[in-house]
Structures are given as C-alpha cells and as structure tokens.
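These notes concern the structure reproduced below.
In my numbering, the protein residues as written are 5 to 744.
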C-alpha cells in the first residue's frame, strides 16, 4: 500500500474522515441538484421574460400592456414610480437574490472526471471574430452583439413609423414645422432606447457583483462589455440631444430651451449637464486618449457621479427607475470597495528580480478565497495616494493561507518608483528595515477573478505567455502541483507552457517554482512540457546556468496592520448576499418613508426634485442599511483574524531566515524544458503537434500577453477547431488580460 501523497494514489480521493452514510449523501446530493436546477430555471425564465419584454416594448400590444401595468399602481403609495421600478429594474434584483441562494448552496463544487472523453464545442470559448473593432469575439459574445444590434434596428424602425403616424394627430400644415416636430419625437425615442441600454451599462463594472459571479465572468473580461455598451449608450444619448438642439436652433429658441428647468416635465438644463459629463467621459475613454494619458481617462471617468445624478434630475424618478437596478448594484459594489481599500495591508516582503521585475508578498486573512487566475488592484501610498494598478496573483491559493504574491514588471513611473524604493535598502543592513521610512504600506482591492477554477476542468492545457504574462501561469502550475500532492480534485494531466520573452534575464521568473519540492514525483501523474523562446538573443548568455540573485530583498517587520480586508463582493457569499438584500430592503423602506412623511403630505410634484430624492434614497440605503451589514462583517472579520495570525508570523520568520528561499533550482528536471534563442514560437506547428499527440479531446488554451499574441492564438484556435477532423481536438480559447 502506498503512503499518503505517493504518486500511485489517484487524484480524486474521498475524505477518509467522512463516515456519513452513503444513502444520506445521495439524498442530500439529489436535493441540492434539484434545488440548483429549480433556481437556474427560475433565473433563466425571469431573464428571458424581462429581455423579451424590453425587446417588444416598441410594439403596440406590449406597449399597451406595459401602460396598463404601470398605471395599475398609480393610486398606491409608490405610484407610477413603483410600477416602473418593479417592471424594469425588479427582474435584475430578483435574479441577484436568487443568485445569492444559488451560489451559497453550490459552495465549492468538486471537479469530477469527465464521462464523455470526446471533444465538444463551447460558445464562450470559440473565437469567431478576431481582427474587427471588438477585438477577439467568441460565439457567445457575437450572439449578444447581434441581439443588441437587432434591438436597436428594430426599435428605431418601429418608433420612426410611430412618429410619422403621430404627426397626423397634430394640426400642423406647415411642412417645416412638421419636420421639426419629427426631429424632436425622434430625439425622444433615442433617449428612451439609450435608457434601455443604460439598464445594462453599469452591471459589468460592479467588480464583485453577484451577477458576474453567477455567470462566472471576471471583471477584467466584463469590462469590455461596459466599453461596448458605453459607446452605444453615449451614441444614442448624443443623437437624443443633437436632434433636439437642431430643432431648437432652427426655431430660434436654442438658449431658452437649453437653460429651461421645468418643475413639472423634463428639465432640460440638468440633461445638458449630464450629457456634457457623458461626452467628456466618452471622448477621454477612446483608445488613442486612454493609451497616451490613462490618468486623464481615469479621473475624467469619475464624472459618472455627475452624469447619473443630473440624468435623474433630467427625467425624474419614474423614468430614471428604468435603469435604476444596474446603477444601484454598482453603488453597492463601489461602497464596499471603498471600505475594503481603506485598510492598510502588510507587505511581508518585496524583492527586486534581475529581469526588472518586482515581487511583493502581501498578507491576507486565512478565510479570503481566490482562484489561481485571480488578480488585485494595489495602491502604495509612499508612491502615490491616487494611483491604483491591477496585477495578476502569481501564487496559488494553496501556497499559503495567510499570504499571496504578485509580480510587477517595471514599465512606467510608478513601477520605477517602487523598484527604487525597494532597492534603496543597502544589502546586509537589515536593521534599517525597522525604520519607518523603509516600510511599504499598501491598500488592496480584490482579489477578483473567476468564481470557479476553470483551469482545473481541462485534462489538457496549453498556457501561452508573453513576458510578465507568465505570472498567472505560475499560479496555475503551483495550484495543479499542490492539488496533486494533497489529493485534491484536479483534472489536468498534460500541460504545455509556451513562453516568449525578449531577453534571457527574464528566465528566472519561470525557474522560481521548485517543482519537486512542491510535489515530489509529480511526473508520474502530470506530463509537463515547457517551451521558452528568447526572441532578441541569438545565443545563450555566457553566465547561463548560474543561480540568479536578487538585486535587493526587503523583509519587513512583523505585521501590525493585518492582512487584506475580507470585505469583498467576491468573498463570503453569506455576508455579500446579506449586504445586497438588506440594502435593497432599505431602498424600498427609504422611498416609502419619504413618500409618507414628505412627498405626499407636502404635495411635492417637481420631477427633477423627485429624481434627486430618489438618488438620495439609493445612496442612503447603501450607506445606512448596507453600512450596518459592513460593520457587522468587519467585526466578524476582525474577530476571525485574531485567531488566525500564527501562519503569517511563521511565514515572515521563514523569509527573515532565508530571503531567497523561493528561488531554488530543482536537483533534477523530470519534465521537458526547451529554451530556444533567436526564434518566435510557431503556433501552427505547436498546435498541430499537440493535436496529433492528444487526439479527440478538449484542450484549454489560455493566453496572457500583448494583444498581438492573443490575436495569433485566437486565430490558431479558430483554424484548428473549425476545420478539425473527427479524431482531432477542439482548442478552447481563454484570454487573461488587464487592458482596462
């Protein structure tokens, strides 16, 4: 019999301590699966019904039904606003509530062996469009783009026909005036269509949103949907304003209309302010501006507060309710991130590597969970009080319960300052590290990433990295080895890493993992092959084979402030769910109290004022009701962290005893490790070779690197999968990028 952890044991082992009766396990499993199926069906039914309703509202029959539903509550406490909120925003919140329950009962699902060994297509990993304006677009994303396009064309067509028919109701004989009226009606319709798009606009940028967790789309991927929707929404709002401006200018009342602030009806001036703020955000978010001056884009984008508040004042509370759900969920996420980022986080160690890369090891609470493809936003106040930068986590969640590591490539002013700060400590003078001017204080948002470790669901993996893009794949490889060693669920059996670097001084990054130390005899279970391409050097350097040394290593004093805050939407589903539910209840209560004690007794009728009050109620419910949950959550987090501090101290002691203990050379290499100089990887040959070797299977392809690299890999995946024979694999494209 082999001992625990021996290479002869299977990867998927039952818990030896578990003596629960098999019949009970089966019954519980069946109940959970049934509940999940019911919840999933309910969420799909609500979403499809809601989307169908939005799509068909321009038609007469659905529009009449909508009007009846809206006026059904006109005499109640919440009046028309309540109906519109329930019809347009209610489904989104209902799905969010069901998603909380679904995620809670799902827990950490075990990764089971596949019964079906043959390859199968997946819409979300099959690239269709590659070189177009949208970048690499999968089949699932293309369906979404087409649906939005069809909706816009359908809505504009139907509303144009309606506008022309409405002209007959006005007794206007002058052709010029009829055309001007048609312009205004068309502008009105564009505004409504823009509001429908805005109902989706804020959902992708709620980083810890329960909806993103539900569909397992990480924030960095969802951001591109926000970009697409942002362009579409601002185009519609710009046409909305432009059509009115043209009509008013021709009629000679442009200034009068632009500055009008009606009490009952649409207030024009707040709309002008909102549109100007939106245009500033739109222009500075265009790729040329964002690439040249990212900070201008970032700071201008904070005008979203002005954009939203004045939009609510422009249209009033009941029209604003159309897009309120997405904005409310974003407000919840932003408020939670504000609290998480206020906490000062201990940096346990900082290392400058020979390749111009910095490694930071950050303290985190034991209960904070993330996947190997996780990433964080980091702010270091010694360098800047305003700048936040996203970095991939380079350590596996199984590397340690109380810390995580990130690799930072020195490319700009901020990273250069960081490297200089660490290098300023003279080697051997570790006593000076105790001085306050040699400490690093960081604030961290995250970790974010996929809800489930999808890299563990493929038996065959191809990991393609460019430069510092190897960072998340270090975490993946470490995660796989840890799982093999600890007999945790893990499917990968064949892993190929293709890494392209400019110069050989980057090679130590991949050598940082002592594979045999992480998992002795891993080669009996895992077939690992690493192909490294040094593109700008034709021959190996003379000092090849020497163990690289750090330029500087800083091990900081014992933690005083603690690890990262666990107040993150992607963390504990019970707390984050309570935060969403109680805040939503708070919104309903706030609006009800406002109606009972202020709006109805004092007969408040001003549309713009009621829109402002509605926004205030949204903010108040987040701060008061959501803040109450955050306070309890923080107390729970603090109490839990007091009892789980020992491992961080042990880790710190290990660093102080051996500063370079992470970077070791394995005594032997039990895997294929090829380094080629003066070459670029030939992906057609590489993918073809893997196709012949692995046969009719699913191959997970993950790429992290420049846009050109991602495009090349996407083309190869599409080519190989689309023209495959029955005995050949399907390559599933997955990108990992931080192009925010």
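No residue lacks a Cβ here, since even glycine has one placed at the ideal position from N, Cα and C. Computed from a predicted structure; not experimentally measured.
Contact between the segment 719-730 and the segment 209-216 is absent, with fewer than three C-beta pairs closer than 8 Å. Judged by DSSP secondary structure, residue 469 falls within the beta strand (DSSP E) whose first and last residues are 464-470.
In the structure shown, the three-state DSSP call for residue 454 is coil. Closest by C-alpha distance to residue 238, out of 286, 319 and 448, is 286. Between the segment 325-340 and the segment 370-389, the count of C-beta pairs closer than 8 Å stays below three; the two stretches do not touch. Secondary structure note for residue 701: it is in no beta strand (DSSP E), with a DSSP letter that is neither H nor E. As computed with DSSP, residue 139 is found in a beta bridge with 136. Here residue 107 is near residue 217, since their CB atoms are less than 8 Å apart.
DSSP places residue 706 in the strand class (E or B) of the three-state scheme.
One thing to note: residue 531 has its Cβ within 8 Å of the Cβ of residue 498.
For residue 83, the enclosing alpha helix (DSSP H) stretches over residues 83-88.
Note that the segment 84-101 touches the segment 65-76; at least 3 beta-carbon pairs, one per stretch, sit closer than 8 Å. Distances from the CA of residue 155 to each of 601, 296 and 56 were compared; the closest alpha carbon is that of 56. Cβ contact annotation for residue 235 (same chain, cutoff 8 Å, sequence separation greater than five): 286, in chain order.
In terms of Cβ geometry, residue 492 and residue 348 do not form a close pair [threshold 8 Å]. Residue 224 sits in a helix when the DSSP states are folded into three classes. Bounds of the alpha helix (DSSP H) holding residue 485 are 475-490.
Judged by DSSP secondary structure, residue 351 falls within the beta strand (DSSP E) whose first and last residues are 349-357. The three-state secondary structure of residue 363, taken from DSSP, is strand.
Using a C-beta cut-off of 8 Å, the segment 240-247 makes contact with the segment 194-210, since at least three inter-stretch Cβ pairs fall below that distance.
Scanning its chain for C-beta atoms nearer than 6 Å, with the 5 sequence neighbours on each side dropped, one finds around residue 392 the residues 381 and 383, in chain order. A check of alpha carbon separations from residue 197 across 159, 189, 225 and 167 identifies 159 as the nearest.
A Cβ-Cβ separation of about 6 Å places residue 522 in contact with residue 482 under the 8 Å criterion. Pairing residue 180 with residue 388, the inter-Cα distance amounts to about 58 Å. Residue environment: residue 161 is assigned as exposed (fewer than 16 neighbouring CB atoms within 10 Å of its CB, all protein chains considered). When secondary structure is reduced to three states using DSSP, residue 45 falls in the helix class.
Residue 587 has its alpha-carbon roughly 14 Å from the corresponding atom of residue 618. Between residue 362 and residue 414, the C-beta gap is smaller than 8 Å, which places the two residues in contact.
Take the alpha-carbon of residue 177 and the one of residue 247: they are about 21 Å apart.
Annotation: residue 80 to residue 596 spans about 11 Å, alpha carbon to alpha carbon. Unbroken alpha helix (DSSP H) stretches of 4 residues or longer found wholly inside the segment 138-167: none. Residue 453 places its beta carbon less than 8 Å from that of residue 222. If the five residues before and after residue 621 are omitted, its C-beta is found closer than 7 Å to the C-beta atoms of 591, 594, 595 and 598, all from its own chain and listed in chain order.
Residue 364 has its alpha-carbon roughly 17 Å from the corresponding atom of residue 417.
Put simply, of 539, 302, 408 and 281 the residue whose alpha carbon is nearest the alpha carbon of residue 312 is 281. Within the segment 577-644, no complete beta strand (DSSP E) segment of 3 residues or longer occurs.
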